[in-house]
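S.K.: Mind having a look at this structure? Questions to follow.
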Amino acid sequence: KLIASSQRSSDAVLPFNFATHNMARFFAVAALAALASQGATAVGVSRTEAVRKMIAAKNLAAAGLPDPTCATGVISVKDGDTPQACCAGYCGECSDYPTCATVRGQNSTFACCKSQVLKQECGKGSPANVCLKKCAEAVPPCIMEDGKIFSTPEPSARTAGTDCNEAVSAWRAKADAAVNPPAPA
C-alpha cells in the first residue's frame with residue numbers, strides 16, 4: 383500500500399498481526415516470570431513488604447484514618463513500663479539498632495529509632511510541629527496505647543490460609559447444591 387505524499391507515514395494504518403502480538407505477549411510474560419523468580423529472595427520480599435506498608439500508610443493518612451494496631455508499621459518489643467513504639471513501615475525493625483538513624487540513606491532517626499520515637503510523643507516536651515501522636519489518632523511513626531501489649535499473632539491460630547485447600551471444593555459443593563437442588567422426598 384503506497385502512502386500519498388501529502389499523508390505522513392505516522393498516519394498510515396498498519397494491519398494487525400496476531401502472530402507478532404502473541405509472540406510479544408509471550409516474551410513479556412517470560413521476562414516477568416524471570417524477574418519474579420530472581421526477586422523472590424529475602425531482600426526482595428522484605429522490600430516488597432515495606433513498600434506495601436508504606437502504600438497502606440499513605441492511604442490511611444489520605445483518608446484521615448489512624449492505625450491503632452500498627453498494621454502499616456513495625457512495632458517495637460515491649461520493654462518494661464514504657465509504651466511500645468510503632469515505627470515507619472520501611473524501617474525493617476523498631477529498635478535502637480546501629481543504623482536506625484540512616485535507613486535507606488535518609489535521616490530516619492525519628493521514624494526508626496525506638497527511643498527517639500518515644501521521646502517525640504506529644505505532650506512530653508516535644509514541639510507541636512514535630513511531636514508524634516498516639517496510634518489511635520495517627521499513622522506510623524506513632525506511640526502505641528499504654529497498658530496494652532501488642533504482639534504478632536499466634537502462629538498456630540486459625541487463619542484463612544489454614545483451610546485454603548478445602549475452600550475451593552467447599553465453595554463448589556455449595557454452588558452445585560444451589561444450581562442442582564436435591565429432589566424433594
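Mapping to my numbering: the sequence shown position 125 is 507, numbers consecutive.
Note that beta-carbon positions come from the ideal geometry of N, C-alpha and C, so glycine has one too.
For clarity, every value in this text was computed on a predicted model and none was experimentally measured.
1. Ignoring anything shorter than 4 residues or poking outside the region 433-521, list the alpha helix (DSSP H) runs there in chain order.
2. Count the other CB atoms, across all protein chains shown, that sit within 10 Å of the CB of VAL456; report buried if there are 16 or more and exposed otherwise.
3. To the nearest angstrom, report how far apart THR451 and SER497 are at their CA atoms.
4. Is it right to say VAL512 is buried, meaning 16 or more other beta carbons lie within 10 angstroms of its own, or is it exposed?
5. What separation, rounded to the nearest whole angstrom, lies between the Cα atoms of PRO566 and ALA559?
6. Measure the beta-carbon distance from VAL521 to THR454 and round it to whole angstroms, keeping in mind my assumption that it falls under 8 Å.
7. Among the residues of its own chain, which have a CB less than 8 Å from the CB of LEU514, if the five just before and after it don't count?
8. Measuring CA to CA, which of LYS460, ALA432, LEU447 and SER428 is closest to ILE531?
9. Quick one: is CYS495 buried, meaning 16 or more other Cβ sit within 10 Å of its Cβ, or exposed?
10. Residue range of the alpha helix (DSSP H) that LYS556 falls in?
11. To the nearest angstrom, how far is it from the Cα of GLN466 to the Cα of LYS516?
12. Taking the straight line between their C-alpha atoms, what separation do you get for ASN547 and ALA557?
13. Quick one: Cα of TYR479 to Cα of TRP553, how far?
14. In whole angstroms, what separates the C-alpha of GLU475 from that of ALA539?
15. For CYS473, which residues of its own chain have a beta-carbon under 6 Å away from its beta-carbon, when the five flanking residues on both sides are left out?
16. Tell me the rounded alpha-carbon separation between ALA432 and GLY471.
M.R.: Checking against the coordinates, here is how it stands:
1. Entirely contained in the region 433-521, the alpha helix (DSSP H) runs reaching 4 residues are, in chain order, 491-494 and 496-501.
2. Position 74 of the sequence shown, counted from the start, is the residue given in the question as residue 456. Under this definition VAL456 is a buried residue.
3. As a working mapping, residue 451 is identified with position 69 in the sequence shown. As a working mapping, residue 497 is identified with position 115 in the sequence shown. One C-alpha to the other measures close to 19 Å.
4. Position 130 of the sequence shown, counted from the first residue, corresponds to residue 512. Classification of VAL512: exposed, given that the 10 Å Cβ count is below 16.
5. For the purposes of this step, residue 566 is identified with residue 184 of the sequence shown, where counting begins at 1. For the purposes of this step, residue 559 is identified with residue 177 of the sequence shown, where counting begins at 1. Rounded to the nearest angstrom, the two C-alpha atoms are 13 Å apart.
6. Translated into the one-based positions of the sequence shown, residue 521 becomes position 139. Translated into the one-based positions of the sequence shown, residue 454 becomes position 72. Correct: roughly 6 Å between the Cβ atoms.
7. Here the question's residue 514 lines up with position 132 in the sequence shown. If we look at LEU514 and ignore the five residues flanking it on each side, its Cβ neighbours are PHE492, VAL499, GLN502, GLU503, CYS504, SER508, ALA520, PRO523, CYS524 and ILE525.
8. Here the question's residue 531 lines up with position 149 in the sequence shown. Closest option to ILE531, Cα to Cα, is LYS460.
9. Against the sequence shown, residue 495 aligns to sequence position 113. Its Cβ being crowded by 16 or more others within 10 Å, CYS495 is buried.
10. To locate residue 556, count along the sequence shown from 1; it is residue 174. Note, LYS556: alpha helix (DSSP H), 546-561.
11. Taking the sequence shown and counting its residues from 1, one reaches residue 466 at position 84. Taking the sequence shown and counting its residues from 1, one reaches residue 516 at position 134. Roughly 10 Å between the two C-alpha positions.
12. Here the question's residue 547 lines up with position 165 in the sequence shown. Here the question's residue 557 lines up with position 175 in the sequence shown. Rounded to the nearest angstrom, the two C-alpha atoms are 17 Å apart.
13. What you label residue 479 is simply residue 97 of the sequence shown in a count that begins at 1. What you label residue 553 is simply residue 171 of the sequence shown in a count that begins at 1. Their backbone Cα atoms lie some 48 Å apart in a straight line.
14. Numbered from its first residue, the sequence shown carries residue 475 at position 93. Numbered from its first residue, the sequence shown carries residue 539 at position 157. Distance between the alpha carbons of GLU475 and ALA539: 23 Å.
15. For the purposes of this step, residue 473 is taken as the residue at position 91 of the sequence shown. Taken in chain order, the residues that qualify are VAL456, VAL485 and CYS494.
16. The residue you call residue 432 lines up with position 50 of the sequence shown. The residue you call residue 471 lines up with position 89 of the sequence shown. The alpha-carbon atoms of ALA432 and GLY471 are separated by roughly 5 Å.
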